[in-house]
Amino acid sequence: MHDLLIKGGRVIDPETGRDEMADVAISGGRISAIGTDLGPARKVIDATGLVVAPGFIDLHAHGQSVPADRMQAFDGVTTALELEVGALPVGGWYEAQAKTARLLNYGTASAWIFARKAVMIGLELKAGEAPITVMGRGFDDPRWSTDAATELQAAEIVALTRKGIDEGGLGIGIPAGYAPGAGAKEMSLVCDLAAETDTPTYTHIAQMSNIDPKSSIEAYVTLIGLAGATGAHMHICHLNSTSLQDVERAAAVIARAQAQGLKITTEAYPYGTGSTVVSAGFFVDPAFSARTGTGYNAIELVASHRRLEGVDDLKAVRQADPSALVLWHFLDTEDNPRHRALLDVSVMYPGGAIASDAMPWSQADGTPYEGDEWPLGPDKTAHPRSSGTFTRFLRQWVRERDAIPLVEAIAKCTVIPARIVESCAPLFRRKGRLQPGCDADIVVFDLASSADRATFAEMNLPAEGMRHVIVNGQSVVADGVLDVSAAPGRPIRRGDA
Ligand SMILES: [Zn+2]
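Per numbering that gives the first Met the number 0, residue 0 is the first one in the sequence shown, and the count goes up by one each step.
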């Protein structure tokens, strides 16, 4: 007797290429069989007319809370990882998460940038403090962002980062764009640590610009050099946003580096609008407009939906609240066909993952919201990608435009991200696949109606089309309705098998 039988769906396994009508049986949180006439089950889901696929693995999820999980469940996500920033101390982060009713599987990298804040300015790192909050601290003394480390400081930064990996961190978060002062010697030592521990690094490149010096291309070439110089696996976060309008050139240099066998991977999210904190250093670059091709009116305050008027306005907002969240409309994908084509290059990059960069949910006053309200009220804001990344990709690229075959699209949301992280936790070999023995993280969705609904005006609208979302064999969404008591998410740490 199986625990659960998903009957009569279009079963897709992106690793083997399986794409056929079949039943999927689940027992003990794992997939026990796939085929027909699999025998009785305690519970049956009728998947007639629906796609049955592995749950999506999001490598870039900053939300890490119950409301964030709920919104991502409707987007098909079953594993949400905070890798680009990470956490420190890592042990304290996992302890804090274990006290909440997480729906999705979760994990974090070790936060190099927090190690840097601790060493360079003596910032105290508190166990369990949300990474987004730590990102906003230390702006009264920005040496952690602007200064190169001495040899002694670099050794201390590496030692603290190593502690995070030892406590279970899934690699090293390197949001270098927030600390562009970090030098090549320090970065080479950080990457040595990644190579030694066989864990990836996840980089937000040190600078974003379409003009030299300090162009995005310079940063990608430096990253490729680090992969070659240290043997580290360098994962490039959000190729779409950090390349700005140079994504074709960026894709070309990355592809050539990969063809030479360097361990480089990448991801993108299907939006031309980014999200960050107002204190991000590149906003105050005197050449901001020349470098990015946008003006300050492309920056929108999340809490008020107000567009900035100029650099003085930006500085005033930074002063008042350095961790205030902003949207940055860097590509005009609504009206500019050229910009849409650029987004395509990043989203459709061969072998690249789809990853959301989902932002945490905030309340009207800008403070984080981690409460239990459901549905989330319209006063809760983040970024539409926090609720609609994967369904937007399915809707636009697969269904509406037929730009990518469904099996390939699902691979970009499942087995491709799983492979990116599996060197550090063999457990990922059981995720992102729909095969007997794999973890029962499964989505059952209606391709014809799968769609993101969140917009920049209404970010709180859950996506639609996910009829059933199953995490470790347990239903999180059933018949399109959230089970508000479900909490099957499990921690994933380095070394987990
Ligand atoms: Zn980033």
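For every residue, glycine included, the Cβ atom is placed at its ideal position computed from N, Cα and C.
I need the boundaries of the beta strand (DSSP E) containing residue 324, first residue and last residue.
Translated into the one-based positions of the sequence shown, residue 324 becomes position 325. It spans 324-328 - the beta strand (DSSP E) in which residue 324 sits, taken as one unbroken run.
Endpoints, alpha helix (DSSP H) assigned at residue 159:
Position 160 of the sequence shown holds residue 159. Residue 159 -> alpha helix (DSSP H) spans 150-165.
Closest to residue 170 by C-alpha separation, out of 455, 423, 487 and 443, would be which residue?
Here the question's residue 170 lines up with position 171 in the sequence shown. The shortest Cα separation from residue 170 among 455, 423, 487 and 443 belongs to 423.
Between residue 240 and ligand 1, is there a pair consisting of the residue's CB and a ligand heavy atom that are separated by less than 8 Å?
Along the sequence shown, read from residue 1 onward, the residue named residue 240 stands at position 241. Residue 240 Cβ: within cutoff of ligand 1.
Is DSSP giving residue 246 helix, strand or coil here?
Start at 1 with the first residue of the sequence shown, and residue 246 comes out as number 247. Three-state result, residue 246: helix.
Which ranges would you report for the alpha helix (DSSP H) in the region 380-466 if only whole runs of at least 4 residues count?
384-391, 405-412 and 414-420
Quick check on residue 31: does DSSP put it in helix, strand or coil?
By 1-based counting over the sequence shown, the position of residue 31 is 32. Here residue 31 sits in strand by DSSP.
Three-state secondary structure (DSSP) of residue 172:
Against the sequence shown, residue 172 aligns to sequence position 173. In the structure shown, residue 172 sits in a strand (DSSP, three-state: E or B).
Alpha carbon to alpha carbon, how far is residue 343 from residue 321?
For the purposes of this step, residue 343 is identified with residue 344 of the sequence shown, where counting begins at 1. For the purposes of this step, residue 321 is identified with residue 322 of the sequence shown, where counting begins at 1. If I take the Cα positions, the gap works out to 33 Å.
For residue 70, name the three-state secondary structure that DSSP assigns.
Translated into positions along the sequence shown, residue 70 becomes position 71. In the structure shown, residue 70 sits in a helix (DSSP, three-state: H, G or I).
By DSSP, does residue 59 sit in helix, in strand, or in coil?
Taking the sequence shown and counting its residues from 1, the one referred to as residue 59 is at position 60. If DSSP states are grouped into helix, strand and coil, residue 59 belongs with the strands.
Is residue 203 near ligand 1, judged by its Cβ being under 8 Å from some heavy atom?
By one-based count along the sequence shown, residue 203 stands at place 204. Checking every heavy atom of ligand 1 against the Cβ of residue 203, one is found closer than 8 Å.
State yes or no: is the C-beta of residue 236 nearer than 8 Å to some heavy atom of ligand 1?
Residue 236 sits at position 237 when you count from the first residue of the sequence shown. Residue 236 Cβ: within cutoff of ligand 1.
Could you name the residues of the same chain whose beta carbon sits closer than 8 Å to that of residue 96, not counting the 5 residues immediately before and after it, in chain order?
Here residue 96 refers to the residue found at position 97 when the sequence shown is read from its first residue. Cβ neighbours of residue 96 beyond the five flanking positions: 63, 105 and 490.
Where do the ends of the alpha helix (DSSP H) carrying residue 229 lie?
Residue numbering aside, residue 229 sits at position 230 when the sequence shown is read from its first letter. Residues 215-229.
If you measure from the CB of residue 275, is any heavy atom of ligand 1 nearer than 8 Å?
Taking the first residue of the sequence shown as 1, we reach residue 275 at position 276. Checking every heavy atom of ligand 1 against the Cβ of residue 275, one is found closer than 8 Å.
Nearest CA to the CA of residue 289: which residue from 211, 298, 354 and 249?
The residue you call residue 289 lines up with position 290 of the sequence shown. For residue 289, the nearest C-alpha among the options comes from 211.
Quick check: what's the CA-CA separation for residue 39 versus residue 4?
Taking the first residue of the sequence shown as 1, we reach residue 39 at position 40. Taking the first residue of the sequence shown as 1, we reach residue 4 at position 5. In a straight line, the C-alpha of residue 39 is about 8 Å away from that of residue 4.
Anyone know if the C-beta pair for residue 202 and residue 156 falls short of 9 Å?
Start at 1 with the first residue of the sequence shown, and residue 202 comes out as number 203. Start at 1 with the first residue of the sequence shown, and residue 156 comes out as number 157. No.
Inspect the CB distances between the region 437-444 and the region 359-378 and report whether three or more fall short of 8 Å.
no
Residue range of the beta strand (DSSP E) that includes residue 106
In the sequence shown, residue 106 corresponds to position 107, counting from 1. Segment 104-110, the beta strand (DSSP E) holding residue 106.
Which residue from 225, 207 and 301 puts its Cα closest to that of residue 183?
One-based indexing of the sequence shown puts residue 183 at position 184. Checked all of 225, 207 and 301; the closest Cα to residue 183 is 225.
Starting from residue 17, trace the beta strand (DSSP E) both ways and give me its first and last residue.
Here residue 17 is taken as the residue at index 18 of the sequence shown, counted from 1. Note, residue 17: beta strand (DSSP E), 17-26.
Kindly give me the distance between the Cβ atoms of residue 110 and residue 163, rounded to whole angstroms, as I take these residues to be in contact under 8 Å.
Translated into the one-based positions of the sequence shown, residue 110 becomes position 111. Translated into the one-based positions of the sequence shown, residue 163 becomes position 164. That pair is a contact at about 7 Å.
Own chain partners of residue 417 with C-beta closer than 6 Å, once the 5 adjacent residues on each side are dropped
The sequence position of residue 417 within the sequence shown is 418, counting from 1. Result list for residue 417: 56, 427, 430 and 431, in chain order.
May I have the straight-line CA-CA distance separating residue 271 from residue 332, to the nearest angstrom?
Translated into positions along the sequence shown, residue 271 becomes position 272. Translated into positions along the sequence shown, residue 332 becomes position 333. Approximately 6 Å between the Cα atoms of the pair.
Could you name the residues of the same chain whose beta carbon sits closer than 7 Å to that of residue 32, not counting the 5 residues immediately before and after it, in chain order?
The sequence position of residue 32 within the sequence shown is 33, counting from 1. Answer for residue 32: 24 and 435, listed in chain order.
Quick one: Cα of residue 41 to Cα of residue 1, how far?
Your numbering for residue 41 matches position 42 in the sequence shown. Your numbering for residue 1 matches position 2 in the sequence shown. The straight-line gap from Cα to Cα measures roughly 6 Å.
Would you say residue 83 touches ligand 1, meaning its beta carbon is less than 8 Å from a heavy atom?
The sequence position of residue 83 within the sequence shown is 84, counting from 1. For ligand 1, at least one heavy atom lies less than 8 Å from the Cβ of residue 83.
Just to confirm, does residue 387 get its C-beta within under 8 Å of one of the non-hydrogen atoms of ligand 2?
As for ligand 2, it is missing from this structure, which binds only ligand 1.
Compute every distance between the C-beta of residue 356 and the non-hydrogen atoms of ligand 1, then say whether any falls below 8 Å.
In the sequence shown, the residue the question calls residue 356 occupies position 357. Yes, since a heavy atom of ligand 1 falls inside the 8 Å radius drawn around the Cβ of residue 356.
From the DSSP output, in three-state form, read off residue 338 for me.
Taking the sequence shown and counting its residues from 1, the one referred to as residue 338 is at position 339. It is helical.
Among the residues of its own chain, which have a CB less than 6 Å from the CB of residue 119, if the five just before and after it don't count?
Mapped onto the sequence shown, residue 119 falls at position 120. Excluding sequence neighbours, residue 119 sits near 142 and 143.
Is any heavy atom of ligand 1 found at a distance shorter than 8 Å from the C-beta of residue 66?
Locating residue 66 in the sequence shown gives position 67, counting from the first residue. Answer for residue 66: no, Cβ out of range of ligand 1.
In angstroms, rounded to a whole number, what distance separates the CA positions of residue 393 and residue 267?
Within the sequence shown, the letter at position 394 stands for residue 393. Within the sequence shown, the letter at position 268 stands for residue 267. Looking at the two C-alpha atoms, the distance is approximately 14 Å.
Cut-off 6 Å between Cβ atoms - residues of its own chain near residue 405, not counting five sequence neighbours on either side:
Against the sequence shown, residue 405 aligns to sequence position 406. Correct list, in chain order: 397.
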